[in-house]
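The block underneath contains the structure these notes are about, expressed in structure tokens.
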Amino acid sequence: MKTLYRNWIEEWENRLCFRTNNRVVRPFEWGTEWSQTWPGTPQDNGYSSEEEYFQSINQAILQDSEPFFSYDVPRDFRLDGDMVRFTTAAPTPYESNNTVHAQWHPAKNDKGRAVLVLPHWNSSFDQHGGLCRALAKLGISALRLSLPYHDARMPPELHRADYSVSSNIGRTIDATRQAVIDARSCFDWLQSRGYDRLGIVGTSLGSCYAFLASAHDPRMRVNVFNHCSSYFADVVWTGLSTIHIRQSIEGEIALESLRECWKAISPVYYLEQYARYAKKSKFIYTTYDTTFLPEYSRDVLRRIKDRKIDHSVVVLP
47 MKTLYRNWIE EWENRLCFRT NNRVVRPFEW GTEWSQTWPG TPQDNGYSSE
97 EEYFQSINQA ILQDSEPFFS YDVPRDFRLD GDMVRFTTAA PTPYESNNTV
147 HAQWHPAKND KGRAVLVLPH WNSSFDQHGG LCRALAKLGI SALRLSLPYH
197 DARMPPELHR ADYSVSSNIG RTIDATRQAV IDARSCFDWL QSRGYDRLGI
247 VGTSLGSCYA FLASAHDPRM RVNVFNHCSS YFADVVWTGL STIHIRQSIE
297 GEIALESLRE CWKAISPVYY LEQYARYAKK SKFIYTTYDT TFLPEYSRDV
347 LRRIKDRKID HSVVVLP
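Add 46 to the 1-based position in the sequence shown for my numbering, that's all there is to it.
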């Protein structure tokens, strides 16, 4: 029965993946220019290669990640109908990406409870709205964040959110930093509205962003991570949905080196920071997944258990 189910899921996910015809195999790029605005990182000089440069940057970030994910609280929060908008505190060269959009789903009598929802990679504007409406019916207000380079934030030359995860090493790090800062900024808005019982729900790429944000912010007391993995690079390298990115990267850099270049955006390196705070956490993964391979989920959960982090686990078929 398990084999039949696995085969059915594999066939279904392959059909979904290859039905999408707008994936673009873009040129591999180091993207060192993206690092010039990052706080606390070395400048691009004196290194024998771009790979050595990025490995040095990642080591510097991990030695003290607080400056890297720090920000000035936005001053232009505005609520337009059911949309919260503000200027990102981590600007990029793309104008459309620099305005943050978040859908607001207020609940009646929420008693100061609110959750930030971070959707999956390439999610459309209306996806995860059902979850937000369900939370609101349960008496928990929900704010659904549009991730960097997604929906209204997408540059006009794109049809997919290719700039959030891509074969450009520096831009992928920058997009992750921006997502973490935008998420933390959303909690500033929620607090300004009187909310003090706060949580976060992240799915897939949104789960990675949520973990990094929560590891640097004690306000997120309740955390739900739908999909989890140790290393950012491994998910990109082995995932079915990122096969076009691997096609660009493979031949330019080995997985082990890619892992080193993306260490600073990998949840596994922030477990100690996460464990500093009193948080409740739920991790969700599946026994068969073509994007987040189960062995990666089990690996990070073993490490979490070793650190005695308060958590529960849901394993779906």
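Just so you know, even glycine gets a beta-carbon here, dropped at the ideal spot from N, CA and C.
These numbers come from a predicted model, not from an experiment.
If you ignore the 5 residues before and after His262, its C-beta comes within less than 6 Å of the C-beta of Phe115, all in its own chain and listed in chain order. Scanning Cys232, Ser275, Arg243, Phe271 for the CA closest to the CA of Ala135 turns up Cys232.
In the DSSP assignment, Tyr331 falls within the beta strand (DSSP E) that extends over 326-332. Trp150 sits in a strand when the DSSP states are folded into three classes. Residue state for Ser343 is assigned as helix, using DSSP reduced to three classes. For Lys326 and Ala148, the gap between their C-alpha atoms comes out near 24 Å. At the C-beta level, Cys274 and Ser343 come within 7 Å of one another. The beta carbon of Gly285 lies closer than 6 Å to those of Thr337 in the same chain, with the five residues before and after it left out. The stretch 243-253 makes contact with the stretch 264-274; the number of CB pairs closer than 8 Å reaches 3 or more. By the Cβ criterion, the stretch 99-109 is not in contact with the stretch 153-161, since fewer than three pairs of Cβ atoms, one from each stretch, lie closer than 8 Å.
Restricting attention to Ser187, Lys183, Arg223, Gly175, the CA atom closest to the CA of Tyr195 is found in Arg223. Cα atoms of Leu301 and Asn155: separation of roughly 49 Å, rounded to the nearest angstrom. Linking Lys351 to Glu341 through their CA atoms gives a straight-line distance of about 15 Å.
The stretch 63-140 contains, as complete beta strand (DSSP E) runs of 3+ residues, the segments 124-126, 129-133 (chain order). Taken atom to atom, the span from the alpha-carbon of Arg131 to that of Ser238 is near 14 Å.
Straight through space, the alpha carbons of Pro152 and Ile311 are spaced by roughly 31 Å. Between Glu141 and the set Asp208, Met200, Thr332, the nearest pair of CA atoms involves Met200. Taking 8 Å as the upper bound for CB-CB distance, Ser213 and Ser294 are in contact here, some 4 Å apart. Sequence-distant partners of Phe74 (beyond 5 residues in either direction) whose C-beta falls short of 7 Å from its own C-beta, in its chain, are Ser213, Ser294, Ile295, Glu298.
A distance below 7 Å separates the beta carbons of Ala259 and Arg230.
Distance check between Asp345 and each of Ala321, Asp356, Pro313, Tyr320 places Pro313 closest, using alpha-carbon atoms only.
The straight-line gap separating the alpha-carbon atoms of Glu306 and Tyr315 is approximately 11 Å.
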